[in-house]
Each structure stands twice: as C-alpha cells, then as structure tokens.
Ligand code: SF4
Ligand code: FES
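Chains as they are written, first to last, in our numbering: chain A, 7 to 233; chain B, 78 to 324.
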C-alpha cells in the first residue's frame with residue numbers, strides 16, 4: 007500500500023476518486039439549493055436543509071465528505087509540488103495554448119480559488135446552521151425546522167458584493183469541473199477513444215449546469231428582492 | 078529568407094548556458110529546419126566558431142533523435158511531425174526563431190540543444206519487453222489476435238521515443254511514452270504473462286527518474302509526432318491499478 011501511495015499514479019488515484027465523490031456531492035448540493043428558486047416562501051428549502059442536517063445517512067456521509075475534501079486537497083497539493091520539481095529549468099518561450107486547454111493547466115490555481123470561496127461559504131451558512139446558530143434561523147421557525155431560507159436570502163439581498171463573490175466562486179468551480187470530469191475517469195483508467203468524447207461532453211454539460219445553477223441562486227434572490 | 082535565431086548554447090552538462098543570437102541569410106523556404114541549422118553551422122565553422130550541437134539521425138521522421146523546442150513548441154509549429162520534417166516555409170522572412178533543448182529533470186542537457194534521453198532506455202529496461210525462448214520459431218498463425226487489438230497495439234508501437242511528450246508537458250511527465258510501451262504489449266497475448274510486473278516496474282522507474290505525474294492536459298497527444306492517443310494512458314492507469322490489486 008505505501009508503495010502504491012508513493013507512486014505518481016497512486017497519488018492521482020486518490021485525487022481522482024475523492025474528486026469524483028465531490029462531483030456527486032455537488033449535484034446533491036445543487037438540488038437542495040435549487041429549492042430556493044422553486045419556492046419563494048422558503049418552506050421547501052427549509053425542509054430540505056432540515057433533512058440534510060438531521061438525516062442519519064447524511065450525517066454519516068458528512069465526515070466522509072470532509073475526509074474526501076482533505077484527501078483531494080492534500081494529494082493534489084503533493085502531486086502539484088512534485089510536478090513542479092520535474093522541470094528545474096523553464097523554457098524561455100512556451101506556447102501551451104496550442105496544445106492544451108487553460109483550465110487543464112491551472113487546476114491548482116482554480117482549486118485554490120475554490121478553497122478560498124469554500125471558507126467564506128462555510129462561515130456564511132454551514133457554520134451558523136450547525137454550530138453557532140443565528141437569530142435569523144430562529145425567526146418564524148416551526149417544529150424545529152430552522153429558517154435557513156431567511157439566513158441565505160438576507161445575506162444575498164443585503165450584500166451585493168457577496169453575490170459577486172458567489173458568482174465568481176461558481177465560475178472558478180465551473181472551469182475546474184470542465185477538466186475534472188473526464189480527467190477523473192481517465193486517471194482511474196475508465197476511458198478510451200470513444201468514451202473520451204462522451205465523458206468530455208457530459209463533463210461540459212455537468213460543469214455548465216453546476217456553475218450556472220450555483221451562480222443563478224444569489225443573482226435570482228437579489229433581483230427578485232428588487233422587483 | 079533572412080532570419081534571426083535565438084539559440085540555447087551550453088558547453089557541457091555542468092556549464093551554465095545562455096541564449097546566443099545569430100543572423101542567417103538566404104535560406105530557401107523549401108529547406109528543412111535541420112538543413113537551415115546545417116547552413117548556420119557551416120557559417121559558424123567558417124568563422125572559426127563552435128557549431129551548434131543538435132541531435133538528428135534519419136532525417137525522415139522515424140528515428141526520434143531530432144529534438145528541438147522551436148518557438149515555444151516541441152518539434153515546432155506543425156503538428157504530428159518531428160523537427161526533421163519541419164520546413165522553413167512554415168516561417169516568415171524576417172522572423173526571430175527561439176530554439177531550446179527539451180527541458181525536463183529526466184532529460185539533462187549534454188551540450189547546446191542535445192539532451193540525454195537515456196532515461197527512456199532505463200524505463201524500457203525495467204519492463205518494456207517480453208521474455209521468450211529464442212531459436213524455436215513459432216507458427217505466426219498459432220496465436221489468434223483480433224484485428225482491432227493488433228491495430229491498436231500497432232498504433233501504440235508507433236512511438237519513436239522522441240521525448241516530445243515530456244518536453245511539452247507542463248509536468249514533464251513521461252506518461253504518454255510509458256503508456257505506449259505498456260499498451261503495445263498489454264494488448265497482445267504475448268504480453269499478458271508479465272503484465273503485472275511490467276506496469277509496476279515501468280511506472281516505478283519513471284517516477285524514480287524524476288518525470289512528473291500526468292494531469293491529463295492532453296498536450297502530449299497534440300505534440301506527439303506519431304499521434305499516440307491518450308487512450309493508451311488510460312490503459313496504463315488501468316494496468317497499474319489492477320496490478321496493485323493483485324498480490
Ligand atoms: S509518445 Fe509520441 S511524443 Fe512521446 S516519445 Fe513516443 S513518439 Fe515521442
Ligand atoms: S532525425 Fe530521425 S526522426 Fe528526425
């Protein structure tokens with residue numbers, strides 16, 4: 007096992023498997039969040055958020071998710087550092103744009119941006135809902151179902167620049183995913199000439215859906231409040 | 078054509094190199110890139126200066142020796158060719174052309190534009206072979222191989238070991254080279270008995286020699302003169318992961 011994890015492919019295996027797990031998580035997360043768009047009373051979203059906060063299966067998956075995040079960051083960081091050492095003298099002139107896509111070359115930078123966003127995002131919502139509590143969560147809450155809808159929408163309505171941060175976060179995520187989707191399968195060996203095209207296409211659809219969906223929510227909430 | 082050349086000069090492995098600028102005149106657009114360098118070297122010899130050292134052998138795109146990073150791209154601006162197949166008509170009169178050696182930890186510069194690609198031989202020695210008894214020639218038709226498999230193995234076997242994949246990769250990864258060598262054997266029944274050992278040994282050697290890990294940018298596939306597909310890298314990943322599952 008230690009031999010495996012010392013090998014380049016072994017480390018990338020962990021990045022890929024944890025990444026594909028995070029890709030699944032994002033879809034679930036988007037479905038829950040989209041309740042904000044579908045019901046302006048907030049009841050649907052509050053119930054969904056309550057379910058995610060209390061369901062035993064989700065409770066079990068939560069630490070697994072945290073471990074997945076940490077593995078993904080850790081091993082992506084190790085692989086990136088090692089890869090940088092593989093070219094001690096740089097080219098004077100290199101035209102990378104002719105042979106590869108920008109996102110594929112900048113996964114670490116995109117990932118770091120996403121991490122910064124994640125810290126802001128967690129402190130905005132998850133931290134308050136799970137640990138510290140917040141007065142907005144209590145307002146109009148019934149049967150122990152907290153008013154997460156109010157917490158989320160007030161933030162998006164009161165601070166326009168937070169909306170911009172969320173849109174930028176979604177854009178960075180979209181670019182990251184546009185490369186990550188196919189690459190995750192490729193690293194696991196689950197691709198060939200035929201499937202590469204299919205996975206690339208699916209990956210594009212997926213990243214547009216996820217980035218578009220997450221970006222739409224703050225914008226929608228803000229605009230709806232101004233009408 | 079009149080050109081300005083910016084060429085990396087380095088006396089030996091240890092020396093600190095630098096770029097030198099040369100002007101060259103009256104180059105035919107129909108001459109090859111290496112012929113253009115020959116003209117430059119004749120000019121340098123005439124001037125009692127040290128000619129530029131660069132690798133070449135067959136000059137017909139099959140040996141993989143020529144190895145130049147030209148204007149920011151491995152083997153120059155064209156795709157699917159080696160440097161010796163590049164012609165001067167791809168450039169414009171008055172252009173400045175930057176010529177660098179392959180840059181990678183696994184490919185140290187020996188002199189000027191020549192790099193040491195022994196690392197590829199070491200990776201092959203680690204497992205890029207099959208063990209067979211000599212002298213008893215087998216019936217060629219005794220082992221039946223599906224056409225698609227033999228075609229794919231043949232495509233992988235087209236790799237000429239030029240190193241453009243490493244040179245162009247932002248991680249200096251040798252995955253495309255190793256994948257083609259693993260793939261050409263993994264696809265055929267003759268390669269199966271040693272598949273587990275081969276995948277492990279070749280990947281371990283590649284890591285040990287200082288090549289980076291693949292992050293699937295796909296640059297290698299675009300710059301490879303033999304169009305080796307990324308699908309072979311997927312097969313290498315598969316072979317390696319399965320090899321690690323076996324005791
Ligand atoms: S895979 Fe292509 S680029 Fe790499 S060594 Fe072989 S022929 Fe050259
Ligand atoms: S010199 Fe043989 S391939 Fe270019």
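Backbone N, C-alpha and C define an ideal beta-carbon position, used for all residues, glycine too.
Inter-residue Cα distance where the pair is residue i and residue j
| i | j | result |
| --- | --- | --- |
| residue 294 (chain B) | residue 205 (chain A) | 15 Å |
| residue 213 (chain A) | residue 177 (chain A) | 9 Å |
| residue 61 (chain A) | residue 187 (chain A) | 28 Å |
| residue 199 (chain A) | residue 105 (chain A) | 18 Å |
| residue 136 (chain A) | residue 198 (chain B) | 57 Å |
| residue 230 (chain B) | residue 205 (chain B) | 14 Å |
| residue 271 (chain B) | residue 207 (chain B) | 7 Å |
| residue 78 (chain B) | residue 113 (chain B) | 10 Å |
| residue 224 (chain A) | residue 15 (chain A) | 39 Å |
| residue 179 (chain A) | residue 175 (chain B) | 36 Å |
| residue 197 (chain A) | residue 159 (chain B) | 28 Å |
| residue 183 (chain B) | residue 113 (chain A) | 24 Å |
| residue 95 (chain B) | residue 275 (chain B) | 40 Å |
| residue 109 (chain B) | residue 131 (chain B) | 14 Å |
| residue 146 (chain A) | residue 75 (chain A) | 34 Å |
| residue 49 (chain A) | residue 27 (chain A) | 29 Å |
| residue 246 (chain B) | residue 13 (chain A) | 19 Å |
| residue 298 (chain B) | residue 88 (chain B) | 32 Å |
| residue 88 (chain A) | residue 133 (chain B) | 31 Å |
| residue 281 (chain B) | residue 138 (chain A) | 49 Å |
| residue 216 (chain B) | residue 227 (chain B) | 17 Å |
| residue 235 (chain B) | residue 144 (chain B) | 17 Å |
| residue 115 (chain B) | residue 99 (chain A) | 23 Å |
| residue 170 (chain B) | residue 98 (chain B) | 17 Å |
| residue 86 (chain B) | residue 283 (chain B) | 28 Å |
Closest by C-alpha distance to residue i, when choosing among the options
| i | options | result |
| --- | --- | --- |
| residue 34 (chain A) | A:48, A:19, A:10, A:68 | A:68 |
| residue 155 (chain B) | B:257, B:241, B:307 | B:241 |
| residue 90 (chain B) | B:212, B:176, B:185, B:124 | B:185 |
| residue 91 (chain A) | B:266, B:164, B:249 | B:249 |
| residue 111 (chain B) | B:260, B:279, B:163, B:238 | B:163 |
| residue 24 (chain A) | A:222, A:219, A:193 | A:193 |
| residue 57 (chain A) | A:37, A:70, A:9 | A:37 |
| residue 168 (chain B) | B:264, B:321, B:106, B:319 | B:106 |
| residue 86 (chain A) | B:312, B:319, B:289, B:316 | B:289 |
| residue 97 (chain A) | B:146, B:252, B:166 | B:146 |
| residue 165 (chain A) | A:190, A:227, A:123 | A:227 |
| residue 20 (chain A) | A:64, A:45, A:81 | A:81 |
| residue 222 (chain A) | A:170, A:207, A:141 | A:170 |
Continuous alpha helix (DSSP H) stretch holding residue i: start and end
| i | result |
| --- | --- |
| residue 274 (chain B) | 272 to 285 |
| residue 27 (chain A) | 14 to 39 |
| residue 259 (chain B) | 252 to 263 |
| residue 80 (chain A) | 62 to 91 |
| residue 170 (chain A) | 166 to 193 |
| residue 142 (chain B) | Neither: residue 142 (chain B) is in no alpha helix (DSSP H) and is coded neither H nor E. |
| residue 245 (chain B) | 241 to 245 |
| residue 122 (chain B) | 110 to 123 |
| residue 309 (chain B) | 308 to 322 |
| residue 299 (chain B) | 296 to 300 |
| residue 143 (chain A) | 141 to 144 |
Start and end residues, beta strand (DSSP E) containing residue i
| i | result |
| --- | --- |
| residue 95 (chain B) | 95 to 101 |
| residue 81 (chain B) | 80 to 86 |
| residue 104 (chain B) | Taken as a continuous stretch (DSSP letters only), residue 104 (chain B) belongs to no beta strand (DSSP E), as it is neither H nor E. |
| residue 5 (chain A) | Outside the displayed span of chain A (7 to 233) sits residue 5 (chain A), for which this structure offers no information. |
| residue 222 (chain B) | Careful: residue 222 (chain B) lies outside any beta strand (DSSP E) and carries neither H nor E. |
| residue 187 (chain B) | 186 to 188 |
Legend entry - Segments of 3+ residues assigned as beta strand (DSSP E) that fall wholly inside the segment 193 to 220 of chain B: none
Inset, instruction - Kindly provide the ranges of any alpha helix (DSSP H) runs that are 4 or more residues long and lie completely inside the segment 105 to 134 of chain A, ordered along the chain. - result: 108 to 111, 113 to 127
Inset, instruction - Please list the segments of the beta strand (DSSP E) lying wholly inside the segment 158 to 182 of chain B, counting only runs of 3 or more residues, in order along the chain. - result: 173 to 177
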